[in-house]
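Residue numbers (this note's numbering), protein chains in the order written: chain H, 1 to 227; chain B, 228 to 454. Cβ atoms here follow ideal geometry from the backbone N, Cα and C, with glycine treated the same way.
2 protein chains.
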Amino acid sequence: MTHVQARTATAETVAEALERAIHEHRLPPGTKLGEDELSEIYGVSRTRIRAALQALSHRRLVEHQRNRGAFVAQPTVREAREVFEARALLEPRTARSAAMRMSDAHVTALQAHIDAEHAALHAGENGRALSLSGEFHIEIARIADQSTIEAIVRQLVVRSSLIIALYWRRRSALCESHAHGALIDAFAARDGALAEELMAHHLLDLVTSLDLRNQSSQPGSLRAALG
Amino acid sequence: MTHVQARTATAETVAEALERAIHEHRLPPGTKLGEDELSEIYGVSRTRIRAALQALSHRRLVEHQRNRGAFVAQPTVREAREVFEARALLEPRTARSAAMRMSDAHVTALQAHIDAEHAALHAGENGRALSLSGEFHIEIARIADQSTIEAIVRQLVVRSSLIIALYWRRRSALCESHAHGALIDAFAARDGALAEELMAHHLLDLVTSLDLRNQSSQPGSLRAALG
DNA sequence: GTGGACATTATTGTACACAATCCCTGCCAC
DNA sequence: GTGGCAGGGATTGTGTACAATAATGTCCAC
């Protein structure tokens, strides 16, 4: 559990908590996010909850349905492809930039990140491992010293977590570990070209590990399931 | 003038109107956006105004100061470099994708866009011309059929408009016209590689036409201006 | 005349109450 | 038994009133 907020949770605090929960798959896609429920959970008025949900809606992490409420977003197959297309454009060359600026402290920090991810994986905390894996990508943008790209990548990474929740296929269990490890080696060697190449391949591997053939578990899937 | 809203303006309507005004330099960076003032202008309650300002704040177009209100954002030199770095990663390869999917109708639509931009320029509507110039870039992402990238590019383009308002140097007046015209030629020829190259150069030219040496007209500029 | 402290005013932050809308349940007709 | 319709309950949308805070103007002491 995350620490309880000291006095009163601000709208941003609530939004961050919800974003973490979504990233860690504690809130699956499609979950109803009732305002009264959330306001009771976090001990704040509905006004702040609404502001938090609006913020997440702008980041495409929750979808608003008029007079129905807010739900954790369910990215379509199309959106899934688009998100990874955007990541493919941004992250490889950002990894190259990061390699240029990489200090020894950065490398050890990234390594610690991976270690934590492995620890979570072995502890059975699957969602937390996925979240840490995603933050690895965000950290690279931060090391590249590009806060604007970092913000965009963060948004895309969390959306990717939703996409993985919907379209993950069982095979290739330990997908991440090696890819991130190889990236760290490239960073340690300050090999920007290699880092760019590895990141591009890593993202490609991620996409191919998804099942994006047709819409699954989306509105209209009933017909396909019962046909 | 834009058309008056039919009955009541929704929060999104207000946000779009403000975004247009920012894009067209009718609202310069640093302009105070008072809630009461806006609610009177648009004839809606403060609640909706607040929602609209929040949306623009999430897109980094306005900055909120606690208990002070909302102001049109004033991107720093650092942010300016970051925005164009992000655009340099996204737009060239998106232009290539667009070239692949380009239909004759798309080409004529883009040409019409340029014509409108030139017309606005000759009519002295400088801000409107800049806005149309920016929408040219957004249109390319739309033709590439990448709505996620389109949303990101739209955000970056409007932020670029703020950056231009702050850091534009007088020289090189008709910067855009030729670059966009050359891009259209590449699109018409379905030459994706050329389009990518041209877009990359175009964005580079844009950056070099800015004066990003040190902070100008930023908080603290008073001392520099009066020293 | 200058500096500081205080009161005033204007603006934003927050919560709450009411209105609008939708979903669900139960009933009735056929 | 099925279909439609109406009523009740619950949830979100919206406006408004009040509280909190910061900026400004004024006054007094030195």
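Determine the chain B residues that contact residue 58/H at a beta-carbon separation under 7 Å, and present them in chain order.
282, 285
Run down chain H in chain order and give the residues with a C-beta less than 7 Å from the C-beta of residue 310/B.
148
Can you tell which of 122/H, 161/H, 195/H has the C-alpha that lies nearest to the C-alpha of residue 144/H?
195/H
Take every Cβ of the segment 308-320 of chain B, pair it with every Cβ of the segment 131-149 of chain H, and state whether three or more of those distances are shorter than 8 Å.
yes
For residue 134/H and residue 358/B, the rounded distance between their alpha carbons:
36 Å
To which residues does DSSP link residue 210/H through a beta bridge?
168/H
What are the boundary residues of the alpha helix (DSSP H) that includes residue 127/H?
126-143
So what does residue 64/H bridge to, in DSSP terms?
70/H
What is the C-beta distance between residue 271/B and residue 241/B, in whole angstroms, given that I count them as a contact (C-beta under 8 Å)?
7 Å
Which one or two residues does DSSP pair with residue 33/H in a beta bridge?
70/H
In angstroms with no decimal places, state the Cα-to-Cα distance between residue 354/B and residue 411/B.
22 Å
May I have the straight-line CA-CA distance separating residue 279/B from residue 56/H, to the nearest angstrom?
15 Å
Taking beta-carbon pairs under 8 Å, can you tell me which members of the segment 306-339 of chain B lie near chain H?
306, 309, 310, 312, 313, 316, 317, 320, 321
Residue burial classification, residue 28/H (beta-carbon count within 10 angstroms, cutoff 16):
exposed
Going by C-alpha to C-alpha distance, which of 48/H, 188/H, 213/H sits closest to residue 10/H?
48/H
Alpha carbons only, please: which of 329/B, 384/B, 382/B, 305/B is nearest the one belonging to residue 440/B?
305/B
Could you round the C-beta distance between residue 95/H and residue 140/H to whole angstroms and report it? I think they count as a contact, below 8 Å.
6 Å
If you measure beta-carbon to beta-carbon, which residues of the segment 367-396 of chain B are closer than 7 Å to chain H?
373, 374, 375, 376, 379
How many Å lie between residue 230/B and residue 356/B at the Cα?
Unreliable positioning characterises residue 230/B in this predicted model, as indicated by a pLDDT of 41, which lies under 50. A coordinate reading is not provided.
Around the C-beta of residue 281/B, are 16 or more other C-beta atoms found within 10 angstroms, so that it is buried, or is it exposed?
buried
Give me the Cβ distance between residue 136/H and residue 113/H, rounded to the nearest whole Å; I'm assuming they're in contact under 8 Å.
5 Å
With residue 281/B as the anchor, note down where its alpha helix (DSSP H) starts and where it stops.
273-285
If you run the structure through DSSP and keep just helix, strand and coil, what is residue 270/B?
coil
Kindly indicate which residue of 431/B, 382/B, 263/B has the alpha-carbon position closest to the one of residue 406/B.
431/B
In whole angstroms, give me the CA-to-CA distance for residue 409/B and residue 425/B.
8 Å
Are the Cβ atoms of residue 187/H and residue 100/H separated by less than 7 Å?
no
Where the alpha helix (DSSP H) through residue 117/H begins and ends
104-122
Tell me whether residue 305/B sits in a helix, a strand or coil according to DSSP, three-state version.
helix
Just tell me which of 8/H, 65/H, 23/H, 12/H has its CA closest to the CA of residue 34/H.
65/H
Using the C-alpha atoms, what's the distance from residue 190/H back to residue 125/H?
32 Å
Determine the contact status of residue 158/H and residue 23/H, defining contact as a CB-CB distance below 7 Å.
yes
Return the residues of the segment 25-58 of chain H that lie within a Cβ-Cβ distance of less than 8 Å from chain B, sorted by chain order.
51, 54, 55, 58
Select from 258/B, 336/B, 266/B the residue whose C-alpha is nearest the C-alpha of residue 290/B.
258/B
Let me check understanding here. Comparing Cα to Cα, which of 347/B, 337/B, 310/B lies closest to residue 382/B?
310/B
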